[in-house]
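With the working numbering as the guide, the letters of the sequence shown map in order to residues 2 to 257. For each residue, glycine too, the CB sits at the ideal point set by N, CA and C.
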Amino acid sequence: MRKTLVAANWKMFKTPAESTAFLTSFYPLIKSNATTEVILFPSMTSLPALVDAARGKSVEVGSQCMHWLDEGAYTGETSPTMLTAIGATHVLIGHSERRRYFNETDARVNLKLKAALAHGLTPIVCIGEHSEERERNLTANVLKLQLSVALEGIERSALGPLVIAYEPVWAIGSGHNATPAVAEDAHEIIRDHLVSEAGPEIAATTRILYGGSVKPDNIAEITRMENIDGALVGGASLDPVCFSQIIANVTPHPGV
Ligand code: PEP
Numbered sequence: 002m003r004k005t006l007v008a009a010n011w012k013m014f015k016t017p018a019e020s021t022a023f024l025t026s027f028y029p030l031i032k033s034n035a036t037t038e039v040i041l042f043p044s045m046t047s048l049p050a051l052v053d054a055a056r057g058k059s060v061e062v063g064s065q066c067m068h069w070l071d072e073g074a075y076t077g078e079t080s081p082t083m084l085t086a087i088g089a090t091h092v093l094i095g096h097s098e099r100r101r102y103f104n105e106t107d108a109r110v111n112l113k114l115k116a117a118l119a120h121g122l123t124p125i126v127c128i129g130e131h132s133e134e135r136e137r138n139l140t141a142n143v144l145k146l147q148l149s150v151a152l153e154g155i156e157r158s159a160l161g162p163l164v165i166a167y168e169p170v171w172a173i174g175s176g177h178n179a180t181p182a183v184a185e186d187a188h189e190i191i192r193d194h195l196v197s198e199a200g201p202e203i204a205a206t207t208r209i210l211y212g213g214s215v216k217p218d219n220i221a222e223i224t225r226m227e228n229i230d231g232a233l234v235g236g237a238s239l240d241p242v243c244f245s246q247i248i249a250n251v252t253p254h255p256g257v
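If you want it as structure tokens, here you go:
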């Protein structure tokens, strides 16, 4: 079965000192929770300090973005080799803010996903529709297209580590989460599409997280849904107490 997973996307917040101070306050609050995996995605400058601070703790640390090449003349970019060299284990790919502001297209998501898998970084691939697309009944088409292009040319046997985050763009940072039923509907579309793209085994074991205005008071009902395996959390992950309450309130899948 799929173990629940909750990840913190800190976006462009927290210095290295603030990031490690977060862990100091946060870890005692969650360390006895064995049912949910926890990953922190700090800013790039906080990554080395947070990776070091998280050593020996049941918390993993990843990068919010990366280039797909190992090295080259790409000013400002960070390669998968550089991330694994400092001990990062995960990477976010295709977050809607990266898609919107930094030209992270579906084709680049595909290149980054291939690079992450080749380097042993666990990828969390973010997909989701805009509000106009939902209003025009295009949600299923958008999700399927984003997923198909992301997976293009990747062997099924390589997809074991894949994690997907369904993040409806209209719910991110808006304070208005998708209802559990609306989110479950999208997760079902994604899982069904995974069956045709990657086969039934990968579809059954791939974790699909929900992201978009998750809070301590809505996580339980969201994760109660059959196809929702955890959450990617932005704003509410910045405070250690608030984020620990989200983790405590997750509804784990039966049998895990
Ligand atoms: C996110 O940035 O991935 C996100 C889900 O943000 P928020 O929780 O603030 O909506």
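Assuming the contact rule is C-beta atoms closer than 8 Å, residue i and residue j should be a hit. Round their C-beta distance to whole Å, please.
| i | j | result |
| --- | --- | --- |
| I220 | E185 | I220 to E185, Cβ: 14 Å. No contact. |
| L239 | F14 | 6 Å |
| V164 | R225 | Not confirmed; about 20 Å, so no contact. |
| V242 | T37 | Incorrect: roughly 16 Å between the Cβ atoms, too far for contact. |
| M2 | H188 | The Cβ separation is near 15 Å, so there is no contact. |
| N34 | I248 | 6 Å |
| E130 | P169 | 6 Å |
| W69 | S44 | Contact doesn't hold; Cβ gap of about 20 Å is too wide. |
| L24 | A54 | 5 Å |
Looking at residue j and residue i, is the spacing between their C-beta atoms short of 9 Å?
| i | j | result |
| --- | --- | --- |
| L51 | T79 | no |
| A126 | L148 | Strictly speaking, residue 126 in this sequence is Val, with Ala absent from that position. Yes, the pair counts as a contact, with Cβ atoms nearer than the cut-off. |
| A182 | S214 | no |
| L114 | P124 | yes |
| L118 | L160 | yes |
| I173 | G212 | yes |
| E61 | L41 | yes |
| C66 | R99 | yes |
| G231 | T5 | yes |
| V150 | A108 | yes |
| W171 | R135 | yes |
| L48 | S59 | no |
| L210 | A8 | yes |
| I128 | Y102 | no |
| L146 | E198 | no |
What do you get for residue i, buried or exposed, if any count of 16 or more other CB atoms within 10 angstroms of its CB means buried?
| i | result |
| --- | --- |
| S132 | exposed |
| F244 | buried |
| R157 | exposed |
| H177 | exposed |
| G57 | exposed |
| E202 | exposed |
| G154 | exposed |
| S97 | buried |
| P29 | exposed |
| T180 | exposed |
| G95 | buried |
| T46 | exposed |
| T140 | buried |
| G73 | exposed |
| E227 | exposed |
| A116 | buried |
| A18 | exposed |
| A89 | buried |
| G77 | exposed |
Which two residues bound the contiguous beta strand (DSSP E) that contains residue i?
| i | result |
| --- | --- |
| H91 | H91 to I94 |
| V126 | T123 to I128 |
| V234 | G231 to V234 |
| I220 | Premise fails: I220 lies in the alpha helix (DSSP H), I220 to T224, not in any beta strand (DSSP E). |
| I248 | Looking at the DSSP string, I248 is not in any beta strand (DSSP E); the run it does join, the alpha helix (DSSP H), is P241 to N250. |
| T82 | Per DSSP, T82 belongs to no beta strand (DSSP E); it is in the alpha helix (DSSP H), P81 to A86. |
| G176 | It is not in any beta strand (DSSP E) - G176 carries neither H nor E in the DSSP assignment. |
| T5 | T5 to N10 |
| H212 | Checking the displayed sequence, the identity of residue 212 turns out to be Gly instead of His. That run of the beta strand (DSSP E) goes R208 to G212. |
For the alpha helix (DSSP H) that contains residue i, what are its first and last residues?
| i | result |
| --- | --- |
| R99 | S97 to Y102 |
| R192 | P181 to A199 |
Would the beta-carbon of residue i be found less than 8 Å away from any heavy atom of ligand 3?
| i | result |
| --- | --- |
| S64 | This structure does not include ligand 3; its bound ligands are ligand 1. |
Quick one: which unbroken beta strand (DSSP E) runs of 3-plus residues sit fully inside the region 15-77? Chain order, please.
-> As summarised for the region 15-77, the continuous beta strand (DSSP E) elements at least 3 residues long and confined to that stretch are 37-42 and 61-64, given in chain order.
Contained beta strand (DSSP E) runs [length at least 3] in the region 120-171, N- to C-terminal order = 123-128 and 164-167
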